[in-house]
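Asks: Residue numbers (my numbering): 2 to 676.
Every residue gets a Cβ at the ideal spot worked out from N, C-alpha and C, and that includes glycine.
Here it is, the structure, as structure tokens.
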């Protein structure tokens with residue numbers, strides 16, 4: 002008995018296009034034909050005419066299978082083309098097809114592996130292009146193997162849909178149905194029809210658009226060419242995954258499809274705005290800046306953006322304290338902050354940690370206010386938190402904090418000098434958000450060192466709140482700006498989720514120290530083991546891969562920052578408000594701390610018991626202040642998911658914004674929002 006022969010469908014199984022949908026290429030063809038003076042039609046109208054020509058051509062033959070030449074005969078009469086003009090247009094379509102094609106890595110790898118073991122490969126395609134053209138496509142994309150066969154419906158006048166092309170292949174190859182194993186993406190033509198003939202088959206659907214790509218490809222909010230190529234780029238990035246575990250695959254797919262386009266749009270906006278303002282350097286601040294800088298370098302290298310993109314180790318912990326001269330209202334706002342973090346944990350030790358001291362140094366004062374050593378590591382109750390302002394404005398405590406700040410300041414200054422912040426080259430500051438307080442301390446440190454320029458531009462993903470900028474600083478926001486309210490505010494409430502998107506592989510910056518002649522950051526931990534073990538490198542890899550695909554597919558002149566912002570709005574809304582159960586499990590189970598001293602960790606989207614749900618409905622008690630609520634619902638059982646079906650808003654959170662409502666009215670409001 003002969004060995005098994007393997008057959009593969011061509012389009013969306015072996016190779017795929019950069020366009021989201023095959024007919025979108027016709028739009029580009031129409032644009033090229035206008036430039037070649039072969040058509041006066043608008044690209045949109047040409048695309049419609051090209052689809053119509055194929056429909057008419059198929060209706061004129063009994064088999065329904067036609068060649069490209071037969072399709073273009075339609076234009077010799079409708080556009081009054083000569084044979085030469087028709088052939089030129091055909092050649093241009095074939096050229097654009099070739100330029101648009103990319104190999105599908107997993108299939109390419111499988112075919113090459115089979116060929117190495119001596120297996121015979123056959124390609125089968127329902128397509129109007131010729132066998133010679135398709136073979137060239139496969140060769141150009143390194144999918145063709147020597148000695149392979151190719152069967153195309155345009156030449157055999159038989160197709161897979163009817164099953165006749167499979168039968169033709171079996172006869173031509175002298176094979177029994179049991180000897181052929183077929184792989185294709187069409188459930189009816191590739192799977193059902195082959196199995197009906199006794200051929201074993203497997204469905205390959207990875208190249209089909211996922212829900213994110215569908216939303217982008219079909220939205221009218223974006224120009225056709227941009228949305229088609231953007232959706233195509235996310236698909237190509239998604240298909241590059243080499244992950245084998247389900248967990249890592251979910252991370253790669255979600256990042257390539259939704260997270261990476263959002264980060265890319267933000268970084269591209271930073272670069273464009275920096276150029277407009279004459280900046281020569283951008284400092285991407287740790288830890289949020291790690292992946293952002295990697296994306297920026299891809300853009301700069303491929304699109305010729307001449308901005309020096311640097312990574313700057315820094316944090317609230319590393320800059321707030323050394324920038325402190327005295328303890329006033331501004332300093333107390335970050336020292337005692339707990340409502341603006343991703344959790345509600347606050348202890349005596351965590352506050353002391355923020356200002357570089359330990360509780361033992363102020364033991365007598367703590368004892369006076371009733372905080373014995375047994376309470377230093379406990380989460381403070383509200384009545385205990387009310388005493389903190391008194392404790393941390395005691396002169397003995399403020400003097401200790403100020404003197405500690407002085408000891409930190411010189412090393413920060415030397416690190417800044419080492420990183421080129423004092424060389425008088427115009428620069429900007431990039432961070433994910435959320436108020437600009439860290440930039441205030443950064444600028445203040447430069448001012449203390451006598452190196453503050455005439456204002457610093459801070460570029461932020463979102464600003465939910467704006468503290469008063471330092472002197473001439475300017476704070477610019479991409480996705481959401483508190484000064485310009487819009488419906489994207491809901492999405493930015495999930496700070497910890499967005500901060501997961503920009504997580505780094507190292508711990509937060511605590512301070513700086515001199516090592517030989519160099520100043521280096523002192524990190525809370527050299528490796529961010531929680532994030533790394535979860536799949537950080539997978540997420541970063543997918544983000545960089547998407548950036549590479551975009552800069553190779555899209556032309557910078559055709560991309561505006563507003564187009565990426567529109568796309569980001571669509572993608573983020575889908576991911577945040579409507580996560581799949583798999584996405585909710587993988588991303589929602591990530592444990593994270595929003596407190597700068599990292600004394601407490603919680604899941605982004607914790608699972609709730611029935612008691613938890615009742616408590617949540619009655620008292621709005623979340624495990625922490627930044628629960629990714631839609632994901633918690635998605636992780637729960639089907640009954641809870643149906644009861645708390647989310648549309649555009651999050652009803653429980655919205656209750657917080659309604660002042661003066663009693664418990665009964667709040668419950669009635671909640672019930673009116675749940676569908």
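(1) Between residue 28 and the rest of its own chain, which residues show a CB-CB distance below 8 Å, the 5 nearest in sequence each way excluded?
(2) Could you tell me which residues DSSP pairs with residue 458 in its beta bridges?
(3) Which of helix, strand or coil does DSSP assign to residue 550?
(4) For residue 336, report the span of its beta strand (DSSP E) as first-last.
(5) Is the separation between the beta-carbon of residue 536 and that of residue 252 shorter than 8 Å?
(6) Of all the beta strand (DSSP E) runs that stay within the bounds of the region 73-138, which reach a length of 3 or more residues?
(7) So which of 588, 223, 349 has the shortest CA-CA distance to residue 381?
(8) Consult DSSP for residue 264 and reduce its assignment to one of helix, strand or coil.
(9) Rounding to the nearest angstrom, what Cα-Cα distance links residue 276 and residue 283 in this structure?
(10) So what's residue 26 in DSSP terms, helix, strand or just coil?
(11) Quick check on the DSSP output: what are the complete alpha helix (DSSP H) runs of length 4 or more inside the region 218-246, in order along the chain?
(12) I'd like the list of long-range same chain contacts for residue 730, defined as Cβ closer than 8 Å, with 5 residues on each side in sequence excluded.
(13) Could you give the C-beta distance for residue 422 and residue 452, rounded to a whole number, given that I count them as a contact under 8 Å?
(14) Short of 8 Å in beta carbon distance, which residues of its chain neighbour residue 97, apart from the five on each side in sequence? Order them along the chain.
(15) How about residue 159 and residue 64: are their beta carbons less than 8 Å apart?
(16) How close, in whole Å, do the beta carbons of residue 232 and residue 21 come, if the pair is a contact with beta carbons under 8 Å?
(17) Compute the Euclidean distance between the alpha carbons of residue 336 and residue 486, then round it to the nearest angstrom.
(18) Here's the rule I'm using: 16 or more other beta-carbon atoms within 10 Å means buried, otherwise exposed. How should residue 619 be labelled?
(19) Under 7 Å: does the beta carbon of residue 361 sit that close to some heavy atom of the ligand ZN?
(20) May I ask you to report which of helix, strand or coil DSSP gives residue 485?
(21) So, under 8 Å CB-CB, residue 67 and residue 59 are touching, yes? Tell me the CB distance rounded to an integer number of Å.
(22) Just checking, does the region 355-373 make contact with the region 282-301 on the three C-beta pairs under 8 Å criterion?
(23) Please confirm whether residue 412 and residue 520 have their CB atoms less than 8 Å apart.
(24) Considering only C-alpha positions, which residue in the set 250, 480, 206, 153 is nearest to residue 264?
(25) When we look at the beta-carbon of residue 553 and count the other beta-carbons within 10 Å, is it buried (16 or more) or exposed?
(26) Taking the C-alpha atoms as reference points, what is the distance between residue 674 and residue 61?
(27) Here's a check: name, in chain order, each residue in its chain whose Cβ is nearer than 6 Å to the Cβ of residue 546, leaving out the five neighbours to either side.
(28) Mark residue 359 as exposed unless 16 or more other C-beta atoms lie within 10 angstroms of its C-beta, in which case mark it buried.
(29) Quick check: the region 523-542 against the region 494-513, are there 3 or more CB pairs under 8 Å?
(30) Just curious, the alpha helix (DSSP H) that residue 497 is in, first and last residue?
(31) Quick one: Cα of residue 248 to Cα of residue 266, how far?
(32) Please tell me whether residue 615 and residue 589 are closer than 8 Å, where the distance is taken between their beta carbons.
(33) Considering only C-alpha positions, which residue in the set 429, 157, 150, 610 is nearest to residue 174?
(34) Among the candidates 122, 119, 152, whose CA atom is the shortest distance from the CA of residue 135?
(35) Alpha carbon to alpha carbon, how far is residue 236 from residue 660? Give it in angstroms, no decimals.
(36) My output table needs one value for residue 14: the three-state DSSP class, helix, strand or coil.
Replies: Here's the rundown:
(1) Annotation for residue 28: 44, 45, 47, 48, 225, 226, 229 place their beta carbon closer than 8 Å to its own, counting only its chain and skipping 5 residues before and after.
(2) As computed with DSSP, residue 458 is found in a beta bridge with 429, 475.
(3) DSSP places residue 550 in helix when its eight states are reduced to three.
(4) Counting along the chain, residue 336 falls outside any beta strand (DSSP E), though it belongs to the alpha helix (DSSP H) covering 330-336.
(5) In contact: residue 536 and residue 252 (Cβ atoms closer than 8 Å).
(6) Whole beta strand (DSSP E) segments, 3+ residues: 102-104, 122-126.
(7) Comparing Cα-Cα distances from residue 381 to each of 588, 223, 349, the minimum goes to 349.
(8) In this structure, residue 264 counts as helix in the three-state DSSP scheme.
(9) Taking C-alpha positions only, residue 276 is separated from residue 283 by approximately 10 Å.
(10) Residue 26 falls in the helix class under three-state DSSP.
(11) You should have 225-240.
(12) The chain is shown only over 2 to 676; residue 730 falls outside these bounds and no answer can be derived.
(13) Contact between residue 422 and residue 452 holds, since their C-beta atoms are separated by about 6 Å, short of 8 Å.
(14) Excluding sequence neighbours, residue 97 sits near 26, 29, 30, 33.
(15) Yes. Within cutoff.
(16) That belief holds up - the Cβ atoms of residue 232 and residue 21 are roughly 4 Å apart, short of 8 Å.
(17) Taken atom to atom, the span from the alpha-carbon of residue 336 to that of residue 486 is near 28 Å.
(18) Label assigned to residue 619: exposed.
(19) The model depicted lacks the ligand ZN and carries no ligand whatsoever.
(20) Correct three-state label for residue 485: strand.
(21) Their Cβ separation, rounded to whole angstroms, is 6 Å, which keeps residue 67 and residue 59 in contact under 8 Å.
(22) Taking 8 Å as the limit for Cβ pairs, the verdict is that the region 282-301 does not touch the region 355-373.
(23) The answer is yes: Cβ separation under 8 Å.
(24) For residue 264, the nearest C-alpha among the options comes from 480.
(25) Classification for residue 553: exposed.
(26) In this prediction, residue 674 has a pLDDT of 39, which is less than 50 and means its spatial position is unreliable; what the coordinates show is noted afterwards. Straight-line Cα distance between these residues: approximately 55 Å.
(27) Apart from the 5 residues on each side of it in sequence, residue 546 sits with its Cβ closer than 6 Å to the Cβ of 238, 241 in its chain, given in chain order.
(28) Under this definition residue 359 is an exposed residue.
(29) With a cut-off of 8 Å, the region 494-513 and the region 523-542 count as touching, because enough Cβ pairs lie within range.
(30) Taken as a continuous stretch (DSSP letters only), the alpha helix (DSSP H) holding residue 497 covers 496-502.
(31) The alpha-carbon atoms of residue 248 and residue 266 are separated by roughly 26 Å.
(32) Residue 615 is not a Cβ neighbour of residue 589, given a cutoff of 8 Å.
(33) Between residue 174 and the set 429, 157, 150, 610, the nearest pair of CA atoms involves 150.
(34) Measuring from the Cα of residue 135, the nearest candidate turns out to be 152.
(35) Below a pLDDT of 50, predicted positions are generally treated as unreliable, and residue 660, at 34, falls in that range; the measurement from the model is reported next regardless. When rounded, the separation of the alpha-carbon atoms in residue 660 and residue 236 is 45 Å.
(36) Coil at residue 14, not helix or strand.
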